[in-house]
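Encoded as structure tokens, the structure appears first; notes follow it.
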Amino acid sequence: MSGPLAGTRADWRLALRIGWRDAWRHRARSVLVLVMVALPVAAVTLADTFFATQDVSGGEVLERRLGTADAEVSVERSVDRAWQLPDPDDGYSSRGSGRDGGPTLEDVLSVLGPAAAGGGERPATQVSDGSLRVRTEDGLAYVWTLAADWSDHLTDGLATLESGRLPASGEAVISPGMAEAYGFAVGDTLTLARGEELTVVGLGQRADSTPGAENLLVGPDAGLRGYGSTSYLVGGGTVTWRDVVALNRIGAVVASRAVLTDPPPDSALEPAARMGSDVVSGPVITIAALVVVMILLEVVLLAGPAFAVGARRQARTLALLAAAGGTPRQARRVVLGTAVVLGSVAAVLGLVLGLLLTLAALPVLQHFSDQRFGPFDVEPLHLLPVAAFGLLSAVLAAVVPAWSASRTDTVAVLSGRRGDVRTGRSAPVLGAVLLVAGVGAAWLGASRGTSGGEVPIAFSAVLTVLGTVFLVPLVVGLVARVARGLPLPLRFAVRDAARHRTRTAPAVAAVAATVAGVVTLGIAVTSDEAENEAGYTPQLALGALAITDDGPSTDWAALTRAVGEAAPAAEVTPVQALWSSGRTTVDLEVRVPGQGLVLSGYSSSFGGVVVADSVPAGLVDLDDEERAAADEALAAGGVLAFADPGATTAPEAWLRALAYERRSTERLGSAEVPAAWTTPVGEYAPFQAVLSPQAAASLGVEPTTTGLLVTGDLGSVADRIEEVVGGVDEQAVVTYEQGYQLPRETVILQLVLAGLGMILMLGGTLTATFLALADARPDLATLAAVGAEPRTRRAVAAGYALMIGLVGAVLGAVVGFVPGWAITFPLTGPYELATFGQAPEGPSHYFDVPWLLVGGVVVGLPLLVSAVVWVSARSRLPLVARTD
Numbered sequence: 001m002s003g004p005l006a007g008t009r010a011d012w013r014l015a016l017r018i019g020w021r022d023a024w025r026h027r028a029r030s031v032l033v034l035v036m037v038a039l040p041v042a043a044v045t046l047a048d049t050f051f052a053t054q055d056v057s058g059g060e061v062l063e064r065r066l067g068t069a070d071a072e073v074s075v076e077r078s079v080d081r082a083w084q085l086p087d088p089d090d091g092y093s094s095r096g097s098g099r100d101g102g103p104t105l106e107d108v109l110s111v112l113g114p115a116a117a118g119g120g121e122r123p124a125t126q127v128s129d130g131s132l133r134v135r136t137e138d139g140l141a142y143v144w145t146l147a148a149d150w151s152d153h154l155t156d157g158l159a160t161l162e163s164g165r166l167p168a169s170g171e172a173v174i175s176p177g178m179a180e181a182y183g184f185a186v187g188d189t190l191t192l193a194r195g196e197e198l199t200v201v202g203l204g205q206r207a208d209s210t211p212g213a214e215n216l217l218v219g220p221d222a223g224l225r226g227y228g229s230t231s232y233l234v235g236g237g238t239v240t241w242r243d244v245v246a247l248n249r250i251g252a253v254v255a256s257r258a259v260l261t262d263p264p265p266d267s268a269l270e271p272a273a274r275m276g277s278d279v280v281s282g283p284v285i286t287i288a289a290l291v292v293v294m295i296l297l298e299v300v301l302l303a304g305p306a307f308a309v310g311a312r313r314q315a316r317t318l319a320l321l322a323a324a325g326g327t328p329r330q331a332r333r334v335v336l337g338t339a340v341v342l343g344s345v346a347a348v349l350g351l352v353l354g355l356l357l358t359l360a361a362l363p364v365l366q367h368f369s370d371q372r373f374g375p376f377d378v379e380p381l382h383l384l385p386v387a388a389f390g391l392l393s394a395v396l397a398a399v400v401p402a403w404s405a406s407r408t409d410t411v412a413v414l415s416g417r418r419g420d421v422r423t424g425r426s427a428p429v430l431g432a433v434l435l436v437a438g439v440g441a442a443w444l445g446a447s448r449g450t451s452g453g454e455v456p457i458a459f460s461a462v463l464t465v466l467g468t469v470f471l472v473p474l475v476v477g478l479v480a481r482v483a484r485g486l487p488l489p490l491r492f493a494v495r496d497a498a499r500h501r502t503r504t505a506p507a508v509a510a511v512a513a514t515v516a517g518v519v520t521l522g523i524a525v526t527s528d529e530a531e532n533e534a535g536y537t538p539q540l541a542l543g544a545l546a547i548t549d550d551g552p553s554t555d556w557a558a559l560t561r562a563v564g565e566a567a568p569a570a571e572v573t574p575v576q577a578l579w580s581s582g583r584t585t586v587d588l589e590v591r592v593p594g595q596g597l598v599l600s601g602y603s604s605s606f607g608g609v610v611v612a613d614s615v616p617a618g619l620v621d622l623d624d625e626e627r628a629a630a631d632e633a634l635a636a637g638g639v640l641a642f643a644d645p646g647a648t649t650a651p652e653a654w655l656r657a658l659a660y661e662r663r664s665t666e667r668l669g670s671a672e673v674p675a676a677w678t679t680p681v682g683e684y685a686p687f688q689a690v691l692s693p694q695a696a697a698s699l700g701v702e703p704t705t706t707g708l709l710v711t712g713d714l715g716s717v718a719d720r721i722e723e724v725v726g727g728v729d730e731q732a733v734v735t736y737e738q739g740y741q742l743p744r745e746t747v748i749l750q751l752v753l754a755g756l757g758m759i760l761m762l763g764g765t766l767t768a769t770f771l772a773l774a775d776a777r778p779d780l781a782t783l784a785a786v787g788a789e790p791r792t793r794r795a796v797a798a799g800y801a802l803m804i805g806l807v808g809a810v811l812g813a814v815v816g817f818v819p820g821w822a823i824t825f826p827l828t829g830p831y832e833l834a835t836f837g838q839a840p841e842g843p844s845h846y847f848d849v850p851w852l853l854v855g856g857v858v859v860g861l862p863l864l865v866s867a868v869v870w871v872s873a874r875s876r877l878p879l880v881a882r883t884d
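Here the UniProt record's numbering is used: the first residue of the sequence shown is 1, the next is one more, and so on.
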């Protein structure tokens, strides 16, 4: 073979051979590159394999879902038409008739016809799942329960038995998790909330749950209430897709063994079913692609310094190649050959490491889930692009060093000088253009808000980070110019970093990209929480607890005694209110005389209107002035009423009580009474008003006890109160007001962001610092030769780390604010009001900066990295010549 192709192949063979030899000779640097590239590949492999394993598809675990049946037919009340995908877990929709009922087992068997063998009726059995309330030592426990006729062989495989036997009528099998949580054992009797008793005959659990989950298996006669479903397991032969569609027409949803293992083509699906399927939208795909680009950019920047140092170490080899007639293209291929070798090895190692880590992590992760994972599932079509991603990131990381290596001065290198290449002047211009474009995209996304602003904002994040990457060499040079007044170690580190920008710029840019991502996500998370907190409406005064029950014969005295036993130091106050019962709804209109209603919305555990001669302690948070005015108005036979912010109020209020029935409205009475006013905290008021007994009498309404208010130091006993209240009255509802609570997921996410930022910053900064120290050994040896103290090298090393970390962190924080500010518009904009075409109320968005997180990342982490380098760097080096 001859011609250009043969020459190219020969060049790449030589480049790969030199690359392999160089990688093996400089094993420490090669390990750094392998770690930088392999870890992201391993992380993505672990995540992909884990999600594929825990995402149990219909055809993977048929026995858990269908037992030995040919199909599971699920029915719902009031549903007379359904449309579904082959696996209904992937999506289905239904239409209700408004009438009670739904398909019966006879309806299902009528549609399916006779059994395939023998022509008789198909075997079938009913399976129900829902919640049962079981009495424990402390009260009531809600336990998810599966009820079936376990003697029917169609249910084989639905349950896993640890010991004992499966339950018959009046019996139960408890899971090991339930036995441990509540102290039950085989042979015990479970008492349900309604008084029924079940005998525990075994330990076991649903086949799709783990032993640690709390669930029950019961016989077919246990009446399940609450959320759940009813389904029929049907045997007797294959249930085809045509049968599934026929069952959909009577309102049933079907999981068929034959259809799950051999699904029909998309063309066989009805349009309504296809509309209900999960379709990834264009914006989601765009944003996902941009996220991949950002991750790729981060890996490239982290690995870039290693290839820059490697290219410098190969400078003499490349100079000899050029002196022997080699072209710049061949020099570039030699550097890229090292990247291809290391990238290929890293991709394979990353895949293998990710799979091994997944195997090791699955038993641990299973403990955090009540749902049993599926079989170990490896997706080759997913992992091949991941491996290609690793190879591509290594090659891209070597592009700039390869380009620089091909432009070095051959004579200077062969004579012992370094032959550094100056940074081009076009890079800062391109960086500024990209940065301006990123700011413009952020502004465009912010102006669009909830109407498609996410995609421009995602583009803005990529553009601003890319712009920063091109601006980093200029910034590093500017920092070096103002470093004249710094101590020698810092000045040396800063100027050396500026002189070798091909090595420094990727590290600074990697830190900047990391910090930009942390700041952007941090602003998004805290702004979203600021919106949630602003919209939070407390139902009671902070620290108070309410017990309510809408039953007609609630034993309030028994509930009071139970609370007293659980919390002896607490104060219990009965609350009277206007309460709607049966078909009659009692409503109170509160107006300013001569004007309209003053409150747009309210909600309350006690009903809309509380009746009392003073504001009950714990009902609502009022300042001293508001409470005094409220008590004065109530003592005068008036009312304390909520009014919207900005509403016009007056010393009096006009009240009207109405009773609504299905087709009639009765005016009970009206009155004008003294009034005190307050405004709600949050989106709506916790209740409408506190009405004095005199005002209630003048309106012709009679209050009734609707709940108990519990006040005192309840933090340690609130859960205990809820348990004992449930033991006395299963219908009672306990509400404990703790104020707005930052969700645990948000705290975890913030910690993950900080941890991720720390890891990436440590990795990038330490790698670049130690590579820089290795590259600067001749200069450091010269410093030692002219009398520098041994600790000077440590100070120089710490200076490298501080310069890279601090400059990158400051740049990243500034850049991160741009998309961070923009994303708050679509994230915290007034979605609901915009949906209905109403004018939005309140702020257009919420913008909250996590200053502690930003300060820790921008200031704390660079100082930490610098300290780590100070401690770990060597103080002494052997004297070497500058030409070494």
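All residues carry an ideal CB built from backbone N, CA and C; glycine is no exception.
For this session: Under 8 Å by Cβ, that's how I've got Ala71 and Ala207 pegged, so tell me the actual separation to the nearest angstrom.
Result: Along the sequence shown, one-based indexing puts residue 71 at 71. Along the sequence shown, one-based indexing puts residue 207 at 207. About 17 Å separates the two Cβ atoms, so there is no contact after all.
Problem set entry | Sequence-distant residues of the same chain with beta carbon closer than 6 Å to Val796, five excluded per side | The residue given as residue 796 occupies position 796 in the sequence shown. Hits under 6 Å: Pro489, Phe492, Ala493.
Problem set entry | Rounded straight-line distance, which links the Cα of Gln366 to that of Asp48 | Along the sequence shown, read from residue 1 onward, the residue named residue 48 stands at position 48. Along the sequence shown, read from residue 1 onward, the residue named residue 366 stands at position 366. Their Cα atoms are separated by approximately 16 Å.
For this session: Would you mind sorting Gln595 into buried or exposed? The rule is 16 or more other CB atoms within 10 Å of its CB.
Result: Taking the sequence shown and counting its residues from 1, the one referred to as residue 595 is at position 595. So Gln595 ends up on the exposed side.
For this session: Please determine if the region 147-160 and the region 207-219 are in contact, where contact requires at least 3 C-beta pairs separated by less than 8 Å.
Result: yes
Problem set entry | CB-CB length for Ala387 against Val335, believed under 8 Å | What you label residue 387 is simply residue 387 of the sequence shown in a count that begins at 1. What you label residue 335 is simply residue 335 of the sequence shown in a count that begins at 1. About 22 Å; that fails the 8 Å criterion.
Exercise. Apart from the five residues on each side of it in sequence, which residues of its chain come closer than 8 Å, Cβ to Cβ, to Leu486?
Worked result: The residue given as residue 486 occupies position 486 in the sequence shown. Val494.
For this session: Please classify Gln688: does DSSP put it in a helix, a strand, or coil?
Result: On the sequence shown, position 688 is the one that residue 688 refers to. In the structure shown, Gln688 falls within a coil segment according to DSSP collapsed to helix, strand and coil.
Problem set entry | Counted within 10 angstroms of its Cβ, other Cβ atoms place Asp624 as buried (16 or more) or exposed | Taking the sequence shown and counting its residues from 1, the one referred to as residue 624 is at position 624. Around the beta-carbon of Asp624, fewer than 16 other beta-carbon atoms lie within 10 Å, marking it exposed.
Problem set entry | Where Trp677 falls: helix, strand or coil (DSSP) | Position 677 of the sequence shown, counted from the first residue, corresponds to residue 677. Here Trp677 sits in strand by DSSP.
Exercise. For Val433, which residues of its own chain have a beta-carbon under 6 Å away from its beta-carbon, when the five flanking residues on both sides are left out?
Worked result: Position 433 of the sequence shown holds residue 433. Nothing listed; no residue qualifies.
Exercise. Mapping DSSP to helix, strand and coil, what is Pro568?
Worked result: If you number the sequence shown from 1, residue 568 lands on position 568. Here Pro568 sits in coil by DSSP.
Problem set entry | Alpha-carbon spacing of Ser169 relative to Leu198, whole angstroms | Here residue 169 is taken as the residue at index 169 of the sequence shown, counted from 1. Here residue 198 is taken as the residue at index 198 of the sequence shown, counted from 1. Taking the straight line joining both Cα atoms gives about 9 Å.
For this session: Decide if Glu737 is buried, meaning its Cβ has at least 16 other Cβ atoms within 10 Å, or exposed.
Result: Within the sequence shown, numbered from 1, the residue matching residue 737 stands at position 737. Its Cβ being crowded by 16 or more others within 10 Å, Glu737 is buried.
Problem set entry | Exposure of Phe368, with buried meaning 16 or more beta-carbon neighbours within 10 Å | Indexing the sequence shown from 1 puts residue 368 at position 368. With fewer than 16 other Cβ atoms within 10 Å, it is exposed.
For this session: State the DSSP-derived secondary structure class of Val340, mapped to helix, strand or coil.
Result: Translated into the one-based positions of the sequence shown, residue 340 becomes position 340. Helix at Val340.
For this session: Alpha carbon to alpha carbon, how far is Ala360 from Gly251? Give it in angstroms, no decimals.
Result: Numbered from its first residue, the sequence shown carries residue 251 at position 251. Numbered from its first residue, the sequence shown carries residue 360 at position 360. Whole-angstrom Cα-Cα distance: 44 Å.
For this session: Output the distance between the C-alpha atoms of Gly646 and Gly682, rounded to the nearest integer angstrom.
Result: Against the sequence shown, residue 646 aligns to sequence position 646. Against the sequence shown, residue 682 aligns to sequence position 682. Approximately 14 Å, taken between the alpha carbons.
Problem set entry | Span separating the alpha-carbon of Thr230 from that of Glu106 | Residue numbering aside, residue 230 sits at position 230 when the sequence shown is read from its first letter. Residue numbering aside, residue 106 sits at position 106 when the sequence shown is read from its first letter. Between Thr230 and Glu106, the C-alpha separation is close to 14 Å.
Exercise. Leu760: which of Glu632, Gly102, Leu619, Ala507 sits nearest, CA to CA?
Worked result: Here residue 760 refers to the residue found at position 760 when the sequence shown is read from its first residue. Checking every option, the nearest Cα to that of Leu760 belongs to Ala507.
Exercise. So, are the CB atoms of Trp556 and Thr679 less than 9 Å apart?
Worked result: Within the sequence shown, the letter at position 556 stands for residue 556. Within the sequence shown, the letter at position 679 stands for residue 679. For Trp556 and Thr679, no; Cβs fall outside 9 Å.
Exercise. On the premise that Ala480 lies in contact with Ala498, defined as a C-beta separation below 8 Å, what is that separation, rounded to the nearest angstrom?
Worked result: Taking the sequence shown and counting its residues from 1, one reaches residue 498 at position 498. Taking the sequence shown and counting its residues from 1, one reaches residue 480 at position 480. Rounded, the Cβ-Cβ distance is 3 Å, consistent with contact.
Problem set entry | Cβ shell of Gly535 (< 7 Å), same chain only, five flanking positions each side left out | Along the sequence shown, read from residue 1 onward, the residue named residue 535 stands at position 535. Here the set comprises Gly682, Glu683.
Exercise. Who are the near neighbours of Pro103 in its chain, counting only those whose CB is closer than 6 Å to its CB and skipping five residues on each side?
Worked result: On the sequence shown, position 103 is the one that residue 103 refers to. Hits under 6 Å: Val75, Ile250, Gly251, Ala252.
For this session: Report the rounded CA-to-CA distance for Val854 versus Ser460, giving the unit in angstroms.
Result: Looking up residue 854 in the sequence shown gives position 854. Looking up residue 460 in the sequence shown gives position 460. Going by the C-alpha atoms only, they are around 20 Å apart.
Exercise. Do the region 336-356 and the region 545-554 meet, that is, are 3 or more Cβ pairs less than 8 Å apart?
Worked result: no
For this session: Could you have a look at Thr104 and say whether DSSP puts it in helix, strand or coil?
Result: Looking up residue 104 in the sequence shown gives position 104. In the structure shown, Thr104 sits in coil (DSSP, three-state: anything other than H, G, I, E or B).
Problem set entry | Alpha-carbon spacing of Gly637 relative to Pro693, whole angstroms | In the sequence shown, counting from the first residue as 1, residue 637 sits at position 637. In the sequence shown, counting from the first residue as 1, residue 693 sits at position 693. Roughly 7 Å separates the two Cα atoms.
Exercise. Can you tell me whether DSSP reads Val620 as helix, strand or coil?
Worked result: Numbered from 1 along the sequence shown, position 620 holds the residue referred to as residue 620. For Val620, the three-state secondary structure derived from DSSP is coil.
For this session: Would you kindly work out how many angstroms separate the C-alpha atoms of Val259 and Leu233, rounded to a whole number?
Result: Counting from one through the sequence shown, the residue named residue 259 turns up at place 259. Counting from one through the sequence shown, the residue named residue 233 turns up at place 233. In a straight line, the C-alpha of Val259 is about 15 Å away from that of Leu233.
Exercise. Span of the beta strand (DSSP E) holding Leu640?
Worked result: One-based indexing of the sequence shown puts residue 640 at position 640. Segment 639-642, the beta strand (DSSP E) holding Leu640.
For this session: Please check the pair Val865 and Gly805, which I expect to be a contact at CB under 8 Å, by giving their CB distance rounded to whole angstroms.
Result: Counting from one through the sequence shown, the residue named residue 865 turns up at place 865. Counting from one through the sequence shown, the residue named residue 805 turns up at place 805. About 5 Å separates the two Cβ atoms, so the contact holds.
For this session: Work out the CA separation of Pro88 and Asp621 for me, nearest whole Å.
Result: Within the sequence shown, numbered from 1, the residue matching residue 621 stands at position 621. Within the sequence shown, numbered from 1, the residue matching residue 88 stands at position 88. Straight through space, the alpha carbons of Pro88 and Asp621 are spaced by roughly 48 Å.
Problem set entry | Buried or exposed (CB count within 10 angstroms, at least 16 for buried), Val869 | To locate residue 869, count along the sequence shown from 1; it is residue 869. Buried, since its Cβ has 16 or more Cβ neighbours within 10 Å.
For this session: Please state if the CB of Ala822 and the CB of Gly453 are separated by a distance shorter than 9 Å.
Result: For the purposes of this step, residue 453 is identified with residue 453 of the sequence shown, where counting begins at 1. For the purposes of this step, residue 822 is identified with residue 822 of the sequence shown, where counting begins at 1. Yes, Cβ-Cβ distance for Gly453 and Ala822 is below 9 Å.
Exercise. If you drop the 5 nearest sequence neighbours on each side, which residues of the same chain put their C-beta closer than 7 Å to that of Ala213?
Worked result: On the sequence shown, residue 213 is found 213 positions in, with the first residue counted as 1. Around Ala213: Ser175, Gly177, Gln205, Asp370.
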